[in-house]
Amino acid sequence: MHRTQHSFFFIKMAACVMFLLFVSFTYSQTQNPEKPKSKIKHRISFSPLASFYKNDPHLTSNTKSKVGSCVSYKAEFISGRRMNYTAGLEYVSQHFTFNGYFAAPGHTYIFDKTYPYAHDIQVHELQIPVGIKISLASETSYDYTPYFTGGMKFRYLLKSYTVITDDSTKTSVYDGNEPSITFESNIPTPKINACVYAGMGLQRNYRGTGRAVFFEITLNRGFSRFQYSGHNNSNNLAISNSFLAFTFGLKI
0 MHRTQHSFFF IKMAACVMFL LFVSFTYSQT QNPEKPKSKI KHRISFSPLA
50 SFYKNDPHLT SNTKSKVGSC VSYKAEFISG RRMNYTAGLE YVSQHFTFNG
100 YFAAPGHTYI FDKTYPYAHD IQVHELQIPV GIKISLASET SYDYTPYFTG
150 GMKFRYLLKS YTVITDDSTK TSVYDGNEPS ITFESNIPTP KINACVYAGM
200 GLQRNYRGTG RAVFFEITLN RGFSRFQYSG HNNSNNLAIS NSFLAFTFGL
250 KI
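For the sequence shown, numbering that gives the first Met the number 0 assigns the number 0 to the initial residue and increments by one for each residue that follows.
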């Protein structure tokens with residue numbers, strides 16, 4: 000990646016952090032000065048994922064996503080009546096397929112727009128979300144509170160699993176977990192990057208216990224595209240990726 004691309008990547012990350020700090024500070028000034036004592040709540044959730052991919056139309060066709068999933072834990076730091084900070088850990092699994100080529104040693108290939116090989120890819124990663132949650136009403140006064148949430152997630156690619164099949168013979172030419180997926184941006188390594196997320200939710204509060212159930216929808220957009228190298232560097236594709244998370248969870 001060129002130096003200018005490196006700089007632009009850091010500018011985007013810094014701008015997101017500064018924006019979140021500005022929003023949280025501005026909003027906290029509008030809160031009631033009589034804040035509750037510092038508390039930490041725990042948010043445990045599961046999310047089906049609807050992923051979106053943009054592939055190279057000259058080298059691929061028929062790119063489709065399959066349902067992914069996310070298991071999440073977040074600590075919610077109570078800082079005011081309506082605005083809280085969140086941080087946690089998530090395990091994310093995404094799955095997609097496309098038709099393309101397989102230019103590995105020992106295989107013949109012609110770039111004739113037939114896209115004769117089917118690629119089936121699963122990507123597993125750990126994400127560390129850091130953000131804010133802004134309720135539109137006091138959770139201690141109302142049974143139902145809508146809210147907005149947003150922030151940044153630091154991403155670490157655990158592994159990818161790839162199956163490549165010859166469409167004409169329906170035989171597998173590769174089936175394994177060779178690390179064929181990395182990030183296009185290698186800052187600081189090809190396995191580490193970040194994304195931003197934003198969304199809204201609705202929380203059902205059980206005010207007698209301080210617990211709650213919630214549902215939220217968040218859009219997650221990565222700073223860097225996936226880099227797909229296939230097996231034995233059989234491919235060289237940069238694949239844009241974003242996903243919607245439909246989250247069901249408990250606050251305890």
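Think of the CB as a built atom: it goes at the ideal place given N, C-alpha and C, for glycine as much as any other residue.
query = Given 8 Å as the limit, is there contact between the region 80-92 and the region 111-128, that is, 3 or more CB pairs closer than that?
reply = As far as the Cβ criterion goes, the region 80-92 touches the region 111-128, which means the pair count is three or higher.
key: Thr181 - containing beta strand (DSSP E), residue span   = Sequence index remark: in the sequence shown, residue 181 carries index 182 (1-based). Per DSSP, the unbroken beta strand (DSSP E) holding Thr181 starts and ends at Ile180 to Phe182.
task = In angstroms with no decimal places, state the Cα-to-Cα distance between Glu75 and Arg220.
result = For the purposes of this step, residue 75 is taken as residue 76 along the sequence shown, with counting starting at 1. For the purposes of this step, residue 220 is taken as residue 221 along the sequence shown, with counting starting at 1. Cα atoms of Glu75 and Arg220: separation of roughly 22 Å, rounded to the nearest angstrom.
Distance between beta carbons of Ser159 and Ser223, contact taken as under 8 Å = Residue 223 sits at position 224 when you count from the first residue of the sequence shown. Residue 159 sits at position 160 when you count from the first residue of the sequence shown. Taking a contact as a CB-CB distance under 8 Å, the pair Ser223 and Ser159 does not count as one, their CB atoms being some 15 Å apart.
query = Does the Cβ-Cβ distance between Lys65 and Phe95 come in under 8 Å?
reply = Residue 65 sits at position 66 when you count from the first residue of the sequence shown. Residue 95 sits at position 96 when you count from the first residue of the sequence shown. Less than 8 Å separates the beta-carbon of Lys65 from that of Phe95.
ask   = In three-state DSSP terms, what is Asn231?
value = On the sequence shown, residue 231 is found 232 positions in, with the first residue counted as 1. Correct three-state label for Asn231: coil.
C-beta contact flag for Lys152 and Tyr196 at 8 Å = Here the question's residue 152 lines up with position 153 in the sequence shown. Here the question's residue 196 lines up with position 197 in the sequence shown. Here Lys152 is near Tyr196, since their CB atoms are less than 8 Å apart.
ask   = Does the distance from the C-beta atom of His230 to that of Tyr173 stay below 8 Å?
value = Position 231 of the sequence shown, counted from the first residue, corresponds to residue 230. Position 174 of the sequence shown, counted from the first residue, corresponds to residue 173. Cβ distance < 8 Å, so His230 and Tyr173 count as in contact.
message = For Ser60, which residues in the same chain have their Cβ closer than 6 Å to its Cβ, ignoring the five residues on either side in sequence?
response = As a working mapping, residue 60 is identified with position 61 in the sequence shown. Here the set comprises Asn98 and Tyr114.
task = Evaluate Asn176 with the Cβ neighbour count: other Cβ atoms within 10 Å of its Cβ, from every protein chain shown; 16 or more gives buried, anything less gives exposed.
result = Within the sequence shown, residue 176 is the residue found at index 177, counting from 1. So Asn176 ends up on the exposed side.
message = In whole angstroms, give me the CA-to-CA distance for Leu218 and Lys53.
response = Translated into the one-based positions of the sequence shown, residue 218 becomes position 219. Translated into the one-based positions of the sequence shown, residue 53 becomes position 54. Rounded to the nearest angstrom, the two C-alpha atoms are 16 Å apart.
request  = Measure the alpha-carbon distance for Ser50 versus Ile216 and round it to whole angstroms.
outcome  = Taking the sequence shown and counting its residues from 1, one reaches residue 50 at position 51. Taking the sequence shown and counting its residues from 1, one reaches residue 216 at position 217. Their backbone Cα atoms lie some 13 Å apart in a straight line.
ask   = In chain order, which beta strand (DSSP E) runs of at least 3 residues are fully inside the region 135-189?
value = Complete beta strand (DSSP E) runs here, min 3: 143-165, 170-175 and 180-182.
inquiry  = At the level of alpha carbons, what is the spacing between Leu157 and Ser241?
reply    = Your numbering for residue 157 matches position 158 in the sequence shown. Your numbering for residue 241 matches position 242 in the sequence shown. Each residue's alpha carbon lies about 18 Å from the other.
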